[in-house]
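K.L.:
The numbering of the first sequence is our numbering, which starts it at 145 and goes up by one.
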Amino acid sequence: MKNYWLFKSEPDVYSIDDLERDGTTFWDGVRNYEARNYLRDKVKKGDKVLFYHSNCEVPGVYGVCEVVKEGYPDFTQFDPKNKYYDPKSNPNNPTWFMVDVKFVKKLKKPVTLEEIKNNPKLKNIRLVQKGNRLSIIPLTKEEFDEILKMS
DNA sequence: GCCAACGTTGGC
DNA sequence: GCCAACGTTGGC
Numbered sequence: 145m146k147n148y149w150l151f152k153s154e155p156d157v158y159s160i161d162d163l164e165r166d167g168t169t170f171w172d173g174v175r176n177y178e179a180r181n182y183l184r185d186k187v188k189k190g191d192k193v194l195f196y197h198s199n200c201e202v203p204g205v206y207g208v209c210e211v212v213k214e215g216y217p218d219f220t221q222f223d224p225k226n227k228y229y230d231p232k233s234n235p236n237n238p239t240w241f242m243v244d245v246k247f248v249k250k251l252k253k254p255v256t257l258e259e260i261k262n263n264p265k266l267k268n269i270r271l272v273q274k275g276n277r278l279s280i281i282p283l284t285k286e287e288f289d290e291i292l293k294m295s
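(1) Do you know whose CA, among Thr239, Leu271, Ile260, Ile160, lies nearest Tyr177's CA?
(2) Report the rounded CA-to-CA distance for Gly204 versus Asp223, giving the unit in angstroms.
(3) Using a threshold of 8 Å, state whether the C-beta atoms of Lys192 and Glu164 are closer than that.
(4) Since Leu271 and Ile281 should fall inside the 8 Å C-beta cutoff, what is the C-beta to C-beta distance between them, to a whole number of angstroms?
(5) Going by DSSP, name the residue or residues bridged to Asn234.
(6) Assuming Glu154 contacts Ser198 under a Cβ cut-off of 8 Å, what Cβ separation, rounded to an integer in Å, is found between them?
(7) Check for me: the beta strand (DSSP E) holding Leu192 runs from which residue to which?
(8) Any chance the stretch 171-185 sits against the stretch 246-263, with 3 or more Cβ pairs inside 8 Å?
(9) Our contact map puts Lys285 next to Tyr148 with C-beta atoms below 8 Å; I'd like the distance itself, whole angstroms only.
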């Protein structure tokens, strides 16, 4: 059973264009327990992911990618020079997980946060609920398809 | 750059 | 275990 997700990224840090260039990437730096649980337990190979640009001029969904490697320990947590270093994490029982994704496509037209907010079919997505900061958001197939339809 | 909302930390 | 202080997220 395939799952559907929305992953947030700040385009200044890593954008859909970077993923198009790289082909695949590891999704590092998730340091929130709820998002971690999704990455560790629920995000499966073959799942489809909407690539969302946050904290930028026009926030919204800019592309699609696909999970190619399921949850494994995020190596940046053990690297003292990395900005995501977590000295409390034990290598024998890592706290933080990552997945790998591959580029699928860029949307011809991005679907902006404003458009998502204005679509009643999308009102249950955690992206648009008050104060939600979760960076790994589960979607239903219907929500995923609806957003693609809007592009 | 501002600031509301939220998660985490740490003193007690 | 409570909760104030603090840091971060992310829209605007």
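The beta-carbon is built from N, C-alpha and C at its ideal position, and this holds for glycine as well.
P.N.:
With the given structure in hand:
(1) Closest option to Tyr177, Cα to Cα, is Thr239.
(2) The C-alpha of Asp223 is placed about 31 Å away from the C-alpha of Gly204.
(3) Their beta carbons are not under 8 Å apart, which means Lys192 does not touch Glu164 by this criterion.
(4) Contact flag correct, Cβ pair sits at about 6 Å.
(5) According to DSSP, which records beta bridges pairwise, Asn234 is partnered with Asn237.
(6) Contact flag correct, Cβ pair sits at about 6 Å.
(7) First, the residue type needs correcting, since residue 192 is Lys and not Leu in the sequence shown. 192-197 is the extent of the beta strand (DSSP E) around Lys192.
(8) Too few Cβ pairs lie closer than 8 Å, so no.
(9) Confirmed, about 6 Å.
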